[in-house]
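Each protein sequence line maps, in turn, to chains A and B.
Position one of the first sequence corresponds to residue 1 (our numbering), numbered consecutively onward.
Position one of the second sequence corresponds to residue 376 (our numbering), numbered consecutively onward.
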Amino acid sequence: MSSENSVGVVAPQRARFYDPLLLRSGAEMPGFELVFETYGQLNRARSNAVLVCHALSGSHHVAGRYADDVDNVGWWDNLVGPGKPLDIKKFFVVGVNNLGGCYGSTGPLSINPATGKRYGADFPLVTVEDWVAAQGRLADHLGVETWAAVIGGSLGGMQALEWSLQFPERVRHAMVIASAPKLSAQNIAFNEVARQAILSDPDFHAGYYADHGVVPTRGLRLARMVGHITYLSDAQMAEKFGRQLRHGEHKFSYDVDFEIESYLRYQGNKFASFFDANTYLMTTKALDYFDPAYEFDGNLAAALARARASFFVASFSTDWRFSPARSREIVFALLHNRLRVVYAEIESTAGHDSFLLDDDHYHALLRAYLENIAV
Amino acid sequence: MTENERKIRAEQRERFDFAVIAGWIPPGERVLDLGCGDGRLLRYLSETRDVTGYGVEIDRESVLRCIRNGVDVIQMDIECGLSGFEDHSFDHVIISQALQTMRATERILCEMLRVAGEAVVSFPNFAYLTNRVAIADGHMPVSEDLPYDWFDTPNVRFFTIADFENLCEKLGIEVRERLAFDDHGREVDQDPNLNGSLAFYRLGRKA
Numbered sequence: 001m002s003s004e005n006s007v008g009v010v011a012p013q014r015a016r017f018y019d020p021l022l023l024r025s026g027a028e029m030p031g032f033e034l035v036f037e038t039y040g041q042l043n044r045a046r047s048n049a050v051l052v053c054h055a056l057s058g059s060h061h062v063a064g065r066y067a068d069d070v071d072n073v074g075w076w077d078n079l080v081g082p083g084k085p086l087d088i089k090k091f092f093v094v095g096v097n098n099l100g101g102c103y104g105s106t107g108p109l110s111i112n113p114a115t116g117k118r119y120g121a122d123f124p125l126v127t128v129e130d131w132v133a134a135q136g137r138l139a140d141h142l143g144v145e146t147w148a149a150v151i152g153g154s155l156g157g158m159q160a161l162e163w164s165l166q167f168p169e170r171v172r173h174a175m176v177i178a179s180a181p182k183l184s185a186q187n188i189a190f191n192e193v194a195r196q197a198i199l200s201d202p203d204f205h206a207g208y209y210a211d212h213g214v215v216p217t218r219g220l221r222l223a224r225m226v227g228h229i230t231y232l233s234d235a236q237m238a239e240k241f242g243r244q245l246r247h248g249e250h251k252f253s254y255d256v257d258f259e260i261e262s263y264l265r266y267q268g269n270k271f272a273s274f275f276d277a278n279t280y281l282m283t284t285k286a287l288d289y290f291d292p293a294y295e296f297d298g299n300l301a302a303a304l305a306r307a308r309a310s311f312f313v314a315s316f317s318t319d320w321r322f323s324p325a326r327s328r329e330i331v332f333a334l335l336h337n338r339l340r341v342v343y344a345e346i347e348s349t350a351g352h353d354s355f356l357l358d359d360d361h362y363h364a365l366l367r368a369y370l371e372n373i374a375v
Numbered sequence: 376m377t378e379n380e381r382k383i384r385a386e387q388r389e390r391f392d393f394a395v396i397a398g399w400i401p402p403g404e405r406v407l408d409l410g411c412g413d414g415r416l417l418r419y420l421s422e423t424r425d426v427t428g429y430g431v432e433i434d435r436e437s438v439l440r441c442i443r444n445g446v447d448v449i450q451m452d453i454e455c456g457l458s459g460f461e462d463h464s465f466d467h468v469i470i471s472q473a474l475q476t477m478r479a480t481e482r483i484l485c486e487m488l489r490v491a492g493e494a495v496v497s498f499p500n501f502a503y504l505t506n507r508v509a510i511a512d513g514h515m516p517v518s519e520d521l522p523y524d525w526f527d528t529p530n531v532r533f534f535t536i537a538d539f540e541n542l543c544e545k546l547g548i549e550v551r552e553r554l555a556f557d558d559h560g561r562e563v564d565q566d567p568n569l570n571g572s573l574a575f576y577r578l579g580r581k582a
């Protein structure tokens, strides 16, 4: 990564919230901590704050690098920095690890004050609505009454959308990228395969693996492999790997023959080495449950009637996990409510992962929209 | 004409076209502009008529320019119709000098009058006198309102005022008002199919 336009060295911060948070499931979080990072300066009018919501595997570490871990570059570093589309000379940017996450916010790996042991499976299921409620506490903590924008891709886009519904007056622009108003049966099916991989790992121990000093690595690895297939497009996989052989010949074994197998194993192993299985399970359920239209008889337009924000919606042509058609559902529901929206359908070869990539046109669109946001 | 004169001329004509369209749009309306380009018509209408609305555009660079211009644009292919847009959800749907660049002419006209009570359409009249002269001379016309060489024109449908009105008749579309202008921007009364270079229509559904 070029250090030019980087936010540079960053350090995470923590905030503790003492008021209980009633969750959508009916359970209650007695109090919790969120870990977050900020880039840029909050202006005097407190009108330039932008919240970046992360997707399944992301974190509060959106941009920059750590002094003691210079290779750990933020997951959306190509977007956030001085002179970048989300320009920290203009905006005060906040990244937060969601409630239930495994990067430092209160989650299944935290100590349950009721038992003195790690929560594990006792950590309640949290939803997109709950995450946004918790993020609202963080906004209060930071003195941000209204976000100039809330932005996210995929599951992060769902949070941006949810912000516009749960706190209509607290978000001026919702930027919903490569996202969907709800998962399809196919999406849920993939999540279920991922969950079963973890749940059936003998090291899972019904979620209390930490008490046994083990990690359901095999399950996590499989879950990530399945997920990765859905993040890429067929065309991109063909281009990147094709039928390339690892050893130049068929080995007639179950070791890696094809390069794609090697790639998936690498991605699976890498992920399983740091991500928490309970967080993964819970996050996939949060995805499955998200459906603002659920309480409106499936009528998305009725569900979005509360929103007041202006919207930026974008999708990618080869994203079959959250296809352009899913984004258009959001767009037309917004139109029904006479809300302001721009919608871009971006040509891309990279599938769902496109939203994380540094594509010139995609970034030009983001830059153009963000430049027009008054602060 | 120098390049600069050409540019000024084009801008003047554009303002003229916009003014004609704006004349048919009551203040405060909600409009949809199909093939909106960089959104300058919508911007003009919002500045002069206080309209709200959206542009629809397929070209990615135009979409980017719309966003820069602060115009709400939806990137989609109108050739596939306007599914997703609800019936009668706009006061006016406009297609300004873009109908000739699309293949699904009938579908687009019908869709326009599904999503709005009235449609405003402008297009270059292929039967305009100087175009006829060019054809008689053995060449595809290149004129003020058809400014492209045949080999790089974005236009895919070439039609005349007479043709367009026949199609409207066939589709049960009522011509509520028509204005035609020659290539000096003068309004044409006599034989518009011969003397009109650019035609503007206000269309509705027959009762």
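Even glycine gets a Cβ: it sits at the ideal position worked out from N, Cα and C.
Every value quoted in this text rests on a predicted model; they were computed, and no experiment measured them.
Rounded straight-line distance, which links the Cα of residue 186(A) to that of residue 561(B): Rounded to the nearest angstrom, the two C-alpha atoms are 60 angstroms apart.
Within 9 angstroms, strictly: CB atoms of residue 215(A) and residue 121(A): no
Same chain only: Cβ atoms within 6 angstroms of residue 58(A), ignoring 5 sequence neighbours per side: 75
Terminal residues of the beta strand (DSSP E) in which residue 470(B) lies: 465-471
Contact with chain A by residue 449(B), beta-carbon distance below 9 angstroms: yes
Given residue 351(B) as reference, the closest of 572(B), 522(B) and 390(B) once Cα atoms are compared: With chain B covering 376 to 582 only, the question about residue 351(B) has no answer from this structure.
Extent of the continuous alpha helix (DSSP H) to which residue 186(A) belongs: For residue 186(A), the uninterrupted alpha helix (DSSP H) segment begins and ends at 185-199.
Opening and closing residue of the beta strand (DSSP E) in which residue 408(B) lies: 405-409
First through last residue of the beta strand (DSSP E) which encompasses residue 441(B): Segment 435-443 is the alpha helix (DSSP H) holding residue 441(B); no beta strand (DSSP E) there.
Beta-carbon proximity check, residue 245(A) vs residue 257(A), cutoff 9 angstroms: yes
Residue 405(A) in three-state terms, based on DSSP: Any property of residue 405(A) remains undetermined from this structure, which presents chain A solely from 1 to 375.
One or two residues paired with residue 69(A) in a DSSP bridge: According to DSSP, residue 69(A) bridges with 66(A).
Extent of the continuous alpha helix (DSSP H) to which residue 51(A) belongs: Segment 49-53 is the beta strand (DSSP E) holding residue 51(A); no alpha helix (DSSP H) there.
Reduced DSSP category for residue 538(B) - H, G, I as helix; E, B as strand; rest coil: When secondary structure is reduced to three states using DSSP, residue 538(B) falls in the helix class.
Pair within 9 angstroms by beta-carbon distance, residue 311(A) and residue 461(B): Not a contact, by the Cβ cut-off of 9 angstroms.
Contacts of residue 337(A) in chain B (Cβ-Cβ under 7 angstroms): Within chain B, no residue comes near residue 337(A); the closest Cβ sits about 11 angstroms away, beyond 7 angstroms.
Beta-carbon gap between residue 218(A) and residue 194(A) smaller than 9 angstroms: For residue 218(A) and residue 194(A), no; Cβs fall outside 9 angstroms.
Proximity test, Cβ basis, 9 angstroms: residue 260(A) and chain B: So no, residue 260(A) is outside the interface.
Near-chain A residues of the segment 451-462 of chain B (beta-carbon distance less than 8 angstroms), N- to C-terminal order: 451, 459, 460 and 461
Continuous alpha helix (DSSP H) stretch holding residue 227(A): start and end: 217-231
Pair within 9 angstroms by beta-carbon distance, residue 52(A) and residue 95(A): Against a cut-off of 9 angstroms, the Cβ pair of residue 95(A) and residue 52(A) comes out as a contact.
Amino acids of chain B, ordered along the chain, whose beta-carbon sits closer than 9 angstroms to that of residue 365(A): In chain order: 435, 438, 439 and 442.
Reduced DSSP category for residue 1(A) - H, G, I as helix; E, B as strand; rest coil: With a pLDDT of 45 at residue 1(A), under the threshold of 50, the modelled position of that residue is not reliable, and the figure given next carries that caveat. It is coil, neither helix nor strand.
Residue nearest to residue 17(A) in terms of C-alpha spacing, selected from 25(A), 29(A) and 93(A): 29(A)
For residue 168(A) and residue 301(A), believed in contact at Cβ under 8 angstroms, the rounded distance: Contact flag wrong, Cβ pair sits at about 15 angstroms.
For residue 424(B), the first and last residue of its enclosing alpha helix (DSSP H): 415-424
Selection from 13(A), 42(A), 31(A) and 56(A) that minimises the alpha carbon distance to residue 224(A): 56(A)
Euclidean distance between Cα positions of residue 431(B) and residue 577(B): 19 angstroms
Rounded separation between residue 568(B) and residue 396(B) - CA only: 20 angstroms
Coil, strand or helix - residue 576(B) by DSSP: strand
Where the alpha helix (DSSP H) containing residue 567(B) begins and where it ends: 567-570
Limits of the unbroken beta strand (DSSP E) element including residue 175(A): 173-177
Burial state of residue 111(A), where buried means 16 or more other Cβ atoms lie within 10 Å: exposed
Stretch-stretch touch, CB-based, cutoff 8 angstroms, three pairs: the segment 484-491 of chain B with the segment 514-526 of chain B: Taking a cut-off of 8 angstroms on C-beta distances, the segment 484-491 of chain B does not touch the segment 514-526 of chain B, as fewer than three cross pairs fall below it.
Backbone secondary structure at residue 487(B) - three-state DSSP: helix
CB contact below 9 angstroms: residue 361(A) versus chain B: Yes, residue 361(A) counts as interfacial toward chain B.
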